[in-house]
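Trainee: The structure follows.
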Amino acid sequence: MAIDTNGSSPSGYGPDHPAPVIEPPRARTRRTPRTTRTNFEMYGWLFMRVSGILLVVLVITHLMIQLVLDGGVSKVSFAFVAGRWASPFWQAWDLIMLWLAMLHGGLGLRTIINDYAQRDGTRFWLKMLLYTATVFTVLLGTLVIFTFDPNIS
Amino acid sequence: MATPTLEKQPAADTGHLVTVTFRIRRFDPERSADAYWQDFELRIDPKERVLDGLHQIKWEHDGSLTFRRSCAHGICGSDAMRINGKNRLACKVLIKDIADVKDGVGTKPVVIEAMKGMTVLKDLIVDMDPFFQAYRDMMPFLITSGNEPTRERRQSPRDRERFDDTTKCILCAACTSSCPVFWNDGQYFGPAAIVNAHRFIFDSRDEGGEQRLEILNDRDGVWRCRTIFNCTDACPRGIQVTKAIQEVKQALITRRF
Amino acid sequence: MTTAMQIHKYDTVIVGAGGAGMRAAIEATKRSRTAVLTKLYPTRSHTGAAQGGMAAALANVEDDNWEWHTFDTVKGGDYLVDQDAAEILAKEAIDSVLDLEKMGLPFNRTPEGRIDQRRFGGHSRNHGEAPVRRSCYAADRTGHMILQTLYQNCVKEGVEFFNEFYVLDLLLNDVAGVRSTAGVVAYELATGELHVFQAKAVVFASGGNGKFYRVTSNAHTLTGDGQAAAFRRGLPLEDMEFFQFHPTGIWKMGILLTEGARGEGGILRNKDGERFMEKYAPVMKDLASRDVVSRSIYTEIREGRGCGPEGDHVYLDLTHLPPEQLDAKLPDITEFARTYLGIEPYTDPIPIQPTAHYAMGGIPTNVRGEVLANNTDVVPGLYAAGEVACVSVHGANRLGTNSLLDINVFGRRAGVAAAEYAATAGFVDLPEAPAQFVADEVERMRDATGNERVTEIRKALQDTMDKNAMVFRTEQTLKEALEEITALRSRYRNVSVQDKGRRYNTDLLEALELGNLLELAEVLVFSALARKESRGGHYREDYPNRDDVNFMRHTMAYRETDTEGNESIRLDYKPVVQTRYQPTERKY
């Protein structure tokens, strides 16, 4: 008994050969995910909020000193940096700022990649690139802060 | 004499009808692998619902247009869909409110498509199974221990009020499928599941809150929420969805510290 | 190529996942291997639309007992109620409410933390003395809460659902001369495949059939699929002429505005602002039973006191109630008025008209939920509960809040009885080619090239039912309706659908549903013609009085097919069970 009275469409699809449907990314499976019983996600979420607030203070103060006060940006030179990093206080300030900014920014970018990268492969490689860049920047920055030599020629 | 009101049929009185274009995203895997847009021009009373417009198309123009519906007044949750880019129940949106009618003609087409982030099976019908799976993962039932009382469990009106908002959920999926996080990661439990967890976490009679919080504390839980408020906007029952999610987050943080 | 078919085997199969179906499933799943077949996702069922509450003589806020509740039920049903069943309903009401509370249902509470109760139409203290607070409620979404709570407990019990499976046929087979239940045939909407479910016990809980009226509070999906399947297989339908018209539906749309609105103090007014119910029911006033209020509204309209330019509705006035009370107790219906009418209920009265609401009749069962094959014998293994069934606890007119009670009390009973039966009984052999009837029907419908459209026939059916078989009926209007339906049934044979596909073919489904509606509308009108009296929801203008001598009995309608294949309806009658309350005149 013929069912496909509407004839086979030019696409070749019909009641017996339906076209594939498009699944959304990462559909929920029948299995309930096992809980890890850790607070990692919560600490991650809290870290983003707390570091955000700290960064507002750190970065605005940093920008004021660097760009506005005492003659503005023209004062910044090798000597100025050397003078600042002679003090452990400013060393710590810049170190915290570097770490928080990189982790905060890195985690934020990770979220954006998760949201916008459609394919698993793209997502994986973009994140690898991000992690590499973050680790490299953090390590290099930390190295510079601690090994800065004001007498270099 | 028969039932009186119905003898005076508004016979050929069509002066109040307006012309509105419905632009619908069609998909039928038995015909083509590609979805496409189709326009229908309707003569319809502007006070009718979008669902009435869909019915008019199905009943008078194209019987193959497929969508779910049942109660037609916003309590069964069958007909959630994307109307002019926002998730709405087709039976709760009136034509006059979205078609921008001027001089008897709708100046803007009513654009209708299936909910996002879910597998489209045909026209406006999506696969609801993953959505209900997320709901079931929340253990959405009263968990208690000890012997049952002979009469009812007591609960003060204030305790009852605490979770009233989230008991209104009809599981239509309008919130979950309006969430950008969910669009990109279907393993996120989504607002609807969290709303239903909230309903029990904050029920003074329930003792399973800890287990639900544990699930929601994990990777696919509440921490994925970025307070975008799409869900609150989409909820046809007026539930403060984002607020409910925030309350669960708060419960998790205060539990820890 | 024929339609694909699969066979499943379950102890108990439940058809429908509304209140009654899920209540039965919770019991049956604990006791037997159970499948629930539902044409909608469970939480879409129309139980969710119930607003007002669920009656039970808890006596939480004032003196009350289940005997008064029994009396109110019997009187409300105009004495056509089987009193043994009404007694069970009222007695088990208390435990059903408490069970739901223990399952997690968030009832509104009294200051002491008990379940709060409010007044409702027809419920009275001490046999009609004054209104009593008996309805347990959760704002004005009690049905929604019941549906959600029952689904939640189905999740807890691990009930196996087959969602969007549409049951089209009941399979019976002879066992030692007795027609016994073999299973059901279902159509899977997603794929268009047929599934035969062989089962020891089948519970029908597929809901009502109000969609043959145009102005109705019923969902699009309430098309009497269960009643029609049983009827086609030669089983009787009881008291189908009794249909309830709810007094307060939104004008023209039929969307329900709960009786709870009047329970909270809402008043019905005509165009002169008069509280007209004082004339018709001096004691209960706006809270008289639904048939009385619906008739009073239409009497006002017919005598020229209706509101609006057409004079075709009256007002439900809530404006004297404080907005806080409306927000707390009636949030949903005030929102309906705003959404669909653009009216602010704080300040403006709401236009309403009676709306087709509830089928008192259905598949006849006894108090265990067992389906009757005639006045005395049961069909082994077949059960029914909820609106699809007729126990009969509602008689000629159902009291408000008694349907949520019915689904819980008799849903539970049917679930237990079905599972217990399945535990001892064996499988009945499937008839030869079990799905043939349905396969032929489905394929005929899909391949048909006739020029009749489902829409036109359905519209004609709804028009004639609204015009001729609603609140007021006469011999003449009913005959007109019957002729029209007979004509529509022959037109229906030439119906064709546009969607020829197999996946999610809702076009085909609507055509099949129309077939059910036509079948049941004919039974309603045929039974109504024969009942030459007025009783409860059935009001004959040519016979305006109740006639206990000739009609104190239930109608039993059977489908008969002669040797040439011509179909007709045969009516029989069944005595009413009376225990304690003798029929008296019914006044409110």
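Chains as they are written, first to last, in the working numbering: chain A, 44 to 196; chain B, 15 to 271; chain C, 32 to 619. We treat Cβ as the ideally placed atom computed from N, Cα and C, and that holds for glycine. No experiment lies behind these values; they were computed from the predicted model shown.
Please decide whether W168 of chain A counts as near chain B, where near means a Cβ-Cβ distance under 8 Å.
Mentor: Closer than 8 Å: no.
Trainee: Output yes if chain B places a C-beta closer than 8 Å to the C-beta of Y346 of chain C; else output no.
Mentor: So no, Y346 of chain C is outside the interface.
Trainee: Rounded to whole angstroms, what is the Cα-Cα separation between R165 of chain C and I125 of chain C?
Mentor: When rounded, the distance between both Cα atoms is 11 Å.
Trainee: Relative to chain A, which residues along the stretch 109–138 of chain B have a C-beta separation below 7 Å, given in chain order?
Mentor: Result list: G131, M132, T133, V134 and L135.
Trainee: Could you tell me which whole alpha helix (DSSP H) segments of length 4 or greater appear in the stretch 231–265 of chain C?
Mentor: Counting whole runs of 4 or more residues, the stretch 231–265 of chain C contains the alpha helix (DSSP H) stretches 256–263.
Trainee: Determine whether the beta carbon atoms of R213 of chain B and L156 of chain B lie at a separation below 8 Å.
Mentor: Against a cut-off of 8 Å, the Cβ pair of L156 of chain B and R213 of chain B comes out as no contact.
Trainee: Checking 8 Å against the spacing of the C-beta atoms, do L101 of chain A and W136 of chain A come in under that value?
Mentor: Against a cut-off of 8 Å, the Cβ pair of W136 of chain A and L101 of chain A comes out as a contact.
Trainee: In terms of residues, what are the limits of the beta strand (DSSP E) holding H388 of chain C?
Mentor: Note, H388 of chain C: beta strand (DSSP E), I381 to A390.
Trainee: Between the C-alpha atoms of T72 of chain A and Y202 of chain B, what's the straight-line distance to the nearest angstrom?
Mentor: One C-alpha to the other measures close to 11 Å.
Trainee: Run through chain C and tell me which residues come within less than 8 Å of K106 of chain B, C-beta to C-beta.
Mentor: Within 8 Å Cβ-Cβ: T370.
Trainee: According to the neighbour-count rule (16 or more other Cβ atoms, all chains shown, within 10 Å of its Cβ), is D530 of chain C buried or exposed?
Mentor: Buried, by the Cβ-count rule.
Trainee: Going by DSSP in three states, C167 of chain C sits in which element: helix, strand or coil?
Mentor: Three-state DSSP puts C167 of chain C in a strand.
Trainee: Which residues in the same chain as R251 of chain B place their Cβ atom closer than 7 Å to its Cβ, once the five residues preceding and following it in sequence are excluded?
Mentor: K182, C183 and I184, listed in sequence order.
Trainee: Rounded to the nearest angstrom, what separates P267 of chain C and Y346 of chain C at their Cα positions?
Mentor: Straight-line Cα distance between these residues: approximately 40 Å.
Trainee: Taking 7 Å as the cut-off, is the CB of T256 of chain B close to at least one heavy atom of the ligand SAM?
Mentor: In the structure on display, the ligand SAM does not appear, and there are no ligands present to speak of.
Trainee: Comparing the C-beta of N49 of chain A with each C-beta of chain C, is any distance below 8 Å?
Mentor: With a pLDDT of only 46 at N49 of chain A, under 50, the local geometry of the prediction cannot be trusted, and the value read off the model is given with reservation. Closer than 8 Å: yes.
Trainee: So with Cβ pairs under 8 Å, would you call P58 of chain A a contact of chain C?
Mentor: Yes, its Cβ sits closer than 8 Å to a Cβ of chain C.
Trainee: Exposed or buried, which one is P58 of chain A when buried takes at least 16 other CB atoms within 10 Å?
Mentor: Label assigned to P58 of chain A: buried.
Trainee: My guess is that T49 of chain C and G238 of chain C are in contact by the Cβ rule of under 8 Å, so how many angstroms apart are they, rounded?
Mentor: Residue identity differs from the one stated: residue 49 of chain C is Gly in this sequence, not Thr. With a Cβ gap of about 5 Å, G49 of chain C and G238 of chain C count as contacting.
Trainee: How long is the line joining the alpha carbons of P63 of chain A and D137 of chain B, rounded to whole angstroms?
Mentor: One C-alpha to the other measures close to 14 Å.
Trainee: Quick check on P137 of chain C - is its C-beta less than 8 Å from some C-beta in chain B?
Mentor: So yes, P137 of chain C belongs to the interface.
Trainee: Within 8 Å (strictly less), CB to CB, does M32 of chain C reach chain B?
Mentor: A caution first: M32 of chain C carries a pLDDT of 42, below 50, which makes its placement in the model too unreliable to give a value.
Trainee: Any beta-carbon of chain B closer than 8 Å to the one on Q183 of chain C?
Mentor: Q183 of chain C counts as touching chain B.
Trainee: Which residues in chain B sit within 9 Å of G87 of chain A, going by Cβ to Cβ distance?
Mentor: Those are W237, listed as they occur along chain B.
Trainee: For a cutoff of 8 Å on Cβ pairs, would you count K360 of chain C as touching chain F?
Mentor: Going by chain labels, chain F is absent from the structure shown, which instead holds the protein chains A, B and C.
Trainee: Compute the Euclidean distance between the alpha carbons of E451 of chain C and S192 of chain B, then round it to the nearest angstrom.
Mentor: Approximately 46 Å, taken between the alpha carbons.
Trainee: If you drop the 5 nearest sequence neighbours on each side, which residues of the same chain put their C-beta closer than 6 Å to that of R62 of chain C?
Mentor: Excluding positions up to five away in sequence, the list reads A450.
Trainee: What is the DSSP secondary structure of D42 of chain C, reduced to helix, strand or coil?
Mentor: Strand at D42 of chain C.
Trainee: Say whether chain C places a C-beta atom closer than 8 Å to the C-beta of F216 of chain B.
Mentor: Chain C contact via Cβ: absent.
Trainee: If you run the structure through DSSP and keep just helix, strand and coil, what is Q260 of chain B?
Mentor: Q260 of chain B: helix per DSSP, three-state reduction.
Trainee: If you drop the 5 nearest sequence neighbours on each side, which residues of the same chain put their C-beta closer than 6 Å to that of I259 of chain B?
Mentor: Correct list, in chain order: I208, V236 and C239.
Trainee: Over the uninterrupted beta strand (DSSP E) stretch that includes F41 of chain B, give me the two end residues.
Mentor: Here F41 of chain B belongs to no beta strand (DSSP E), and DSSP marks it neither H nor E.
Trainee: If you compare alpha carbons, which of A:P131, A:Q161 and A:L172 is closest to G149 of chain A?
Mentor: It is A:L172 whose Cα lies nearest to the Cα of G149 of chain A.
Trainee: Taking the runs of the alpha helix (DSSP H) that are 4 residues or longer, which of them lie wholly in the stretch 136–160 of chain B?
Mentor: Taking only runs of at least 4 residues, the alpha helix (DSSP H) segments lying wholly in the stretch 136–160 of chain B are 143–150.
Trainee: Rounded to whole angstroms, how far is the Cβ of Y612 of chain C from the Cβ of V105 of chain C, which I believe are closer than 8 Å?
Mentor: Contact holds; Cβ gap of about 5 Å.
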